[in-house]
Amino acid sequence: MFVPGTALWANGFTIRSVETNLVEKVYNVSAQIDYQFSDVAIEALQNGVPLLILIDIKVDRERSWWLDKNIAELQQGYLLLYHALTEKYIVNNLNSGAQDNYDSLNAALSVLGRLEALPILDANLVNKNNRIIVRLHTYLDLEALPAPMRPLAYISSQWRLESDWYEWPLQP
Numbered sequence: 000m001f002v003p004g005t006a007l008w009a010n011g012f013t014i015r016s017v018e019t020n021l022v023e024k025v026y027n028v029s030a031q032i033d034y035q036f037s038d039v040a041i042e043a044l045q046n047g048v049p050l051l052i053l054i055d056i057k058v059d060r061e062r063s064w065w066l067d068k069n070i071a072e073l074q075q076g077y078l079l080l081y082h083a084l085t086e087k088y089i090v091n092n093l094n095s096g097a098q099d100n101y102d103s104l105n106a107a108l109s110v111l112g113r114l115e116a117l118p119i120l121d122a123n124l125v126n127k128n129n130r131i132i133v134r135l136h137t138y139l140d141l142e143a144l145p146a147p148m149r150p151l152a153y154i155s156s157q158w159r160l161e162s163d164w165y166e167w168p169l170q171p
């Protein structure tokens, strides 16, 4: 299912579109995300500070008379690095261990922004009579910054880089 609509802007990260597909009894999610880092974050990256980008995905079953029931949660992590000697940007998928090098920051962010066919839920957990809501959110993890940088990062809007939650119904 493709969910079009307006982009959700919040401090530099934008979730443009989301799509869920059922493949071999497993729901997969694909998304297009624009990552716009602040000048401060780019400067830190180019001076050797690794940036950890996390994507949280939550799947809930709506209930009429009670709080929604969480049926699945997933966190996907990516480490963005700059290697000064080779002048390459590195994107490391922390979940799979895959690592790729890019000549420019734009190229690295373009690839980072394409989430493709990530398995999120076994179809056996979905009952056609229930309404299932999927939520996706991405952010820069400030806790992963070096300790001396964290106090300033906590109070500076230049470091609070995240998207709003993007929400859509899962179609069984």
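Numbering (numbering that gives the first Met the number 0), first residue to last: 0 to 171.
Built from N, CA and C at the ideal position, the CB exists for glycine as well.
Quick caveat, the model's predicted, so the values are computed rather than measured.
For residue i, three-class secondary structure by DSSP
i       : result
Ala-30  : strand
Glu-142 : helix
Glu-23  : coil
Buried/exposed call for residue i, threshold 16 Cβ in 10 Å
i       : result
Met-0   : Note that Met-0 scores 45 on pLDDT, short of 50, meaning its location in the model is unreliable and no value can be drawn from it.
Trp-64  : exposed
Asp-121 : exposed
Ala-97  : exposed
Leu-108 : buried
Ala-40  : buried
Ser-176 : Shown here, the chain extends from 0 to 171; a query on residue 176 therefore has no answer.
Residues that DSSP places opposite residue i in a beta bridge
i       : result
Gly-47  : Beta-bridge pairing links Gly-47 to no other residue.
Trp-167 : Val-133
Asp-59  : Asn-69, Ile-132
Thr-85  : Note: Thr-85 sits in no beta bridge, so no partner.
Span of the beta strand (DSSP E) around residue i
i       : result
Asn-100 : 98 to 101
Pro-118 : 113 to 121
Chain D within 8 Å of residue i, Cβ atoms only
i       : result
Tyr-165 : In the structure shown, chain D cannot be found, because there is only a single protein chain.
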